[in-house]
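Numbering (the working numbering), first residue to last: 3 to 215.
Ideal Cβ positions, reconstructed from N, Cα and C, are used throughout, including at glycine.
Below: the structure, in structure tokens.
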């Protein structure tokens with residue numbers, strides 16, 4: 003089972019495809035993300051937020067539809083997205099995809115990327131997705147990457163530590179045992195030169211961004 007979390011940022015067209023696989027996934031709405039799902043005639047398994055913009059009548063309607071409703075005060079230590087992500091991880095899904103958290107508020111967008119780092123050791127692949135990008139975090143080791151037609155470009159960034167012995171095989175711009183420093187733009191907009199490539203490094207944390215124009 004996969005879990006799709008729909009955030010409260012600008013609505014992206016990625017959630018319109020969720021109905022195609024609705025039987026094999028669980029949907030979670032975060033604040034306005036609950037509306038986005040209901041607009042697509044999709045009923046989330048759980049919703050998280052303060053919902054202070056909702057009338058009591060509309061909130062009652064949503065509560066009647068959604069099995070798990072988690073309402074929190076606006077002032078709290080964790081964001082609604084973090085609380086939703088914690089709950090999603092506890093369900094032990096195969097993958098978690100986070101939608102509608104990019105664009106508009108850069109602080110919220112960066113906070114969402116930071117959650118990828120925080121939960122990188124959860125044992126569950128977590129990706130942020132929108133119609134132009136997908137982002138995820140890699141720990142050290144060797145990872146295979148397959149070519150997908152809709153995300154031509156692949157970029158790698160160092161997060162928090164130096165990435166040591168970075169090796170890219172099967173890429174248009176290969177590397178061997180490279181030291182990738184924080185802030186380096188060397189690994190921006192690479193491409194796979196064949197159907198499958200690999201990235202390996204001995205230490206550090208990498209943010210992977212797959213994009214299209």
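Pair within 8 Å by beta-carbon distance, residue i and residue j
i: residue 135; j: residue 213; result: yes
i: residue 99; j: residue 4; result: yes
i: residue 142; j: residue 205; result: yes
i: residue 117; j: residue 83; result: yes
i: residue 76; j: residue 52; result: yes
Helix, strand or coil at residue i according to DSSP, with G and I counted as helix
i: residue 4; result: strand
i: residue 178; result: strand
i: residue 85; result: helix
i: residue 213; result: strand
i: residue 91; result: helix
i: residue 141; result: coil
Segment limits, beta strand (DSSP E) that includes residue i
i: residue 64; result: Element bounds for residue 64: not the beta strand (DSSP E) but the alpha helix (DSSP H), 58–67.
i: residue 37; result: First-last for residue 37: 34–41, but that is the alpha helix (DSSP H), not the beta strand (DSSP E).
i: residue 2; result: Here the chain covers residues 3 to 215 and nothing more, so residue 2 does not appear.
i: residue 20; result: Neither: residue 20 is in no beta strand (DSSP E) and is coded neither H nor E.
i: residue 200; result: 198–203
i: residue 97; result: 97–101
i: residue 160; result: 155–160
Residues of its chain near residue i, where Cβ-Cβ distance is below 7 Å and the 5 sequence neighbours each way are ignored
i: residue 1; result: Given a span of 3 to 215 for the chain in the structure shown, any question on residue 1 remains unanswerable.
i: residue 197; result: 148, 149
Per-residue burial, residue i [other beta carbons within 10 Å of its own, 16 or more giving buried]
i: residue 54; result: exposed
i: residue 46; result: buried
i: residue 146; result: exposed
i: residue 32; result: buried
Start-to-end residues for the alpha helix (DSSP H) that takes in residue i
i: residue 120; result: 108–120
Spatial neighbours of residue i in its chain, beta-carbon cut-off 8 Å, leaving aside the 5 residues before and after
i: residue 30; result: 5, 6, 7, 8, 46, 47, 48, 49, 50, 86, 89, 90
i: residue 115; result: 130, 137, 209
Same chain, Cβ closer than 6 Å to residue i, neighbours up to 5 away in sequence not counted
i: residue 170; result: 176, 177, 201
i: residue 104; result: 111, 132
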